[in-house]
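Going line by line, the protein sequences match chains A and B.
Just so you know, we're using our numbering here: the first sequence kicks off at 1 and counts up by one.
Just so you know, we're using our numbering here: the second sequence kicks off at 1001 and counts up by one.
For each residue, glycine too, the CB sits at the ideal point set by N, CA and C.
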Amino acid sequence: MRNLKTTFCFTLMLTSFAFFIGCAYDAVLPEQPPKDEVSFNDFIVPNVFNPGCNTAGCHSGPADFQPDLTPANAYSSLLEGNYVDTLNPESSVLYQWMLGNEGAAMPPSGTDAFYNASILKWISEGAQDN
Amino acid sequence: MKNQFPIICRMLCLVLMAFVFTQPAYSQEEETTEKDLRPVKNLFEGIWLIDNQTAVVPFKGTFEFDIQHRFGLWKNGFEDLFGLYATSNMRLGFNYVPIERLMIGFGLTKTNITWDFNAKYALIQQARSGGSPVAVTYFVNTAIDTRDKAVGKFANGTDRYSYFHQLMVARKFSENLSLQVAGSLSHFNAVEAYLTEDNKEEGKLKNDHIAVALSGKYKVGAWVNIIANVDLPVTSHNLESVDPKSNISFGVEMTSSSHQFQIFCGNFYNITQQRNNVFNQNSFGDGNILIGFNITRLWNF
Chain A
1 MRNLKTTFCF
11 TLMLTSFAFF
21 IGCAYDAVLP
31 EQPPKDEVSF
41 NDFIVPNVFN
51 PGCNTAGCHS
61 GPADFQPDLT
71 PANAYSSLLE
81 GNYVDTLNPE
91 SSVLYQWMLG
101 NEGAAMPPSG
111 TDAFYNASIL
121 KWISEGAQDN
Chain B
1001 MKNQFPIICR
1011 MLCLVLMAFV
1021 FTQPAYSQEE
1031 ETTEKDLRPV
1041 KNLFEGIWLI
1051 DNQTAVVPFK
1061 GTFEFDIQHR
1071 FGLWKNGFED
1081 LFGLYATSNM
1091 RLGFNYVPIE
1101 RLMIGFGLTK
1111 TNITWDFNAK
1121 YALIQQARSG
1131 GSPVAVTYFV
1141 NTAIDTRDKA
1151 VGKFANGTDR
1161 YSYFHQLMVA
1171 RKFSENLSLQ
1181 VAGSLSHFNA
1191 VEAYLTEDNK
1201 EEGKLKNDHI
1211 AVALSGKYKV
1221 GAWVNIIANV
1231 DLPVTSHNLE
1241 SVDPKSNISF
1251 GVEMTSSSHQ
1261 FQIFCGNFYN
1271 ITQQRNNVFN
1281 QNSFGDGNIL
1291 IGFNITRLWN
1301 F
């Protein structure tokens, strides 16, 4: 009987612990890219590549992981390496890596809906060097 | 996703039939031998079986250190040496059994710098003879995404939290074979939303996700086991494109009295159970397979 009581108490305790600490039901709309045409140099590089990709030891130069996403080399590296597909933007290798379909989702700190939407919009608009 | 229901039902039926039809032999044995209500030895060799918890709770006073590692995807071939040199994921975990049947622990996983705090309680233990034919264990965890607010873009503090509950039913059928079936509920406080055609915000995923896991171990040598694990999602989400994929994993386990080493192939990369069950987009059909290993070290105090 004592064993049954102990079991019951622990089950109740664990269930309570898990259910009642900060349980919520939110759906959060991620930050969206601008409605106007997305500029590669003025928007993608400073808002996606600089904070998320070209930090030291990642896509920070020719000797690092490819593509090189430093401001000076990002565009040529992406185009020459066939990382973008303007005919079928969602199939672009760059976008597929960001979704996690080519390996661990990029960036490694966690997939970012804002980065993904921005890149997809830029590719859909022709992946211009603007 | 919906066409997976018959598969899940069939697999569940097979497992349940196995549990039921082995019972008569067990009962006959019971008539001729004395009851031994002590828990069976080595239901599984440790608390982990690839990506799932097992129904095992170690002895009171056991302290355990876990290293769990998942390499990158196999499919890029020699470019990243079949994922061995690709970006990988890792968890360091610590567990302790303060009182009989209850284990508590915590760990840190690289993905999203996720801390998890967990507890496991053995509700029913399989007896050696004459008692319960199965072990029933409950596992729960709370995980916290501790990335910087600017990186994680959390609207509220509670958006960092997720939870995982699992009820496991396991049975050691013979000295060699142990099987386990488990049902789980994963809950994420916040999911990513999208705008529907009528411009309403709706979560791509539901906040709650139910899944079923089947796990097994077959002993092939004194200290060597073949292990396998299947995780099947049950919940269908709001956008079919984000519905999680099922996981199939199998490997080899080598054990000693205080160590456990498992090396395996599978689809799950995230290690944290709720992230695996809800966000997995790797599937065997697409060749999205990865290699992983678990190492555990036990100390008794």
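- Inclusion of Gly-1093 of chain B and Gly-1083 of chain B in the CB contact set at 8 angstroms is not warranted, their separation being larger than that value.
- Interface criterion met: the Cβ of Asn-1112 of chain B is under 8 angstroms from a Cβ in chain A.
- Contacts with chain B (Cβ-Cβ distance below 8 angstroms) from the segment 80 to 101 of chain A involve Leu-99, Gly-100, Asn-101, listed in chain order.
- Contact between the segment 1139 to 1154 of chain B and the segment 1098 to 1117 of chain B is present: three or more C-beta pairs spanning the two stretches fall below 8 angstroms.
- A straight line joining the alpha-carbon of Glu-1100 of chain B with that of Ala-1055 of chain B spans about 14 angstroms.
- Ala-1086 of chain B sits in coil when the DSSP states are folded into three classes, being neither helix nor strand.
- In this structure, the alpha-carbon of Leu-1073 of chain B lies about 5 angstroms from that of Gly-103 of chain A.
- Counting along the chain, the unbroken beta strand (DSSP E) around Phe-1188 of chain B starts and ends at 1177 to 1188.
- Linking Lys-1153 of chain B to Tyr-1194 of chain B through their CA atoms gives a straight-line distance of about 16 angstroms.
- Checking the DSSP bridge columns, you'll see Arg-1297 of chain B partnered with B:Phe-1065, B:His-1259.
- Annotation for Pro-62 of chain A: Asp-68 place their beta carbon closer than 6 angstroms to its own, counting only its chain and skipping 5 residues before and after.
- DSSP lists B:Leu-1290 as the beta-bridge partner residues of Leu-1073 of chain B.
- Its chain contains Asp-1036, Arg-1038, Val-1040 as the residues whose beta carbon lies nearer than 7 angstroms to that of Arg-1128 of chain B, once the 5 sequence neighbours on both sides are disregarded; these appear in chain order.
- DSSP, reduced to helix, strand and coil, places Phe-49 of chain A within a helical segment of the structure shown.
- In the same chain as Glu-1175 of chain B, and ignoring 5 residues on each side of it, the C-beta atoms closer than 7 angstroms to its own belong to Lys-1219, in chain order.
- Taking the Cα positions, Leu-1185 of chain B is about 47 angstroms away from Asp-129 of chain A.
- Residue environment analysis places Ala-1190 of chain B among the buried positions, since at least 16 neighbouring C-beta atoms fall within 10 angstroms of its C-beta.
- Among the CB atoms of chain A, one or more fall inside 8 angstroms of the CB of Tyr-1269 of chain B.
- Here the alpha carbon of Asn-50 of chain A sits roughly 31 angstroms from the alpha carbon of Ile-1291 of chain B.
- Secondary structure of Arg-1101 of chain B (DSSP, three-state): coil.
- Selection B:Gly-1266, B:Val-1136, B:Leu-1298 evaluated against Ser-1256 of chain B yields B:Leu-1298 as nearest (Cα-Cα).
- Each residue's CA atom was taken as its position, placing Asp-85 of chain A and Ser-118 of chain A some 15 angstroms apart.
- For Trp-1115 of chain B, the enclosing beta strand (DSSP E) begins and ends at 1114 to 1124.
- Rounded to the nearest whole angstrom, the CA to CA distance from Val-1140 of chain B to Glu-90 of chain A is 37 angstroms.
- Three or more beta-carbon pairs drawn from the segment 1222 to 1236 of chain B and the segment 1198 to 1213 of chain B are found closer than 8 angstroms, and the two stretches are therefore classed as touching.
- A Cβ-Cβ distance of about 5 angstroms is found for the pair Ser-1215 of chain B and Leu-1049 of chain B, placing them in contact under the 8 angstroms criterion.
- Listed as beta-bridge partners of Pro-1039 of chain B by DSSP are B:Ala-1127.
- Contact of Glu-31 of chain A with chain B by beta-carbon distance below 8 angstroms involves Lys-1153.
- Annotation: Arg-1171 of chain B is outside any alpha helix (DSSP H); the continuous beta strand (DSSP E) that includes it extends over 1161 to 1172.
- Closest in alpha carbon position to Gly-1203 of chain B, among A:Gln-96, A:Pro-46, A:Leu-29, is A:Leu-29.
- In this structure, the alpha-carbon of Pro-1058 of chain B lies about 18 angstroms from that of Leu-1179 of chain B.
- If you draw a straight line from the Cα of Ile-1067 of chain B to the Cα of Asn-1095 of chain B, it comes to about 12 angstroms.
- Measuring C-alpha to C-alpha distances from Thr-1158 of chain B to each of B:Leu-1177, B:Lys-1200, B:Phe-1188, B:Pro-1098 identifies B:Phe-1188 as the nearest.
- The beta-carbon of Ala-1211 of chain B is placed no less than 8 angstroms from the nearest beta-carbon of chain A.
- With 16 or more other Cβ atoms inside 10 Å of its own Cβ, Asp-1051 of chain B counts as buried.
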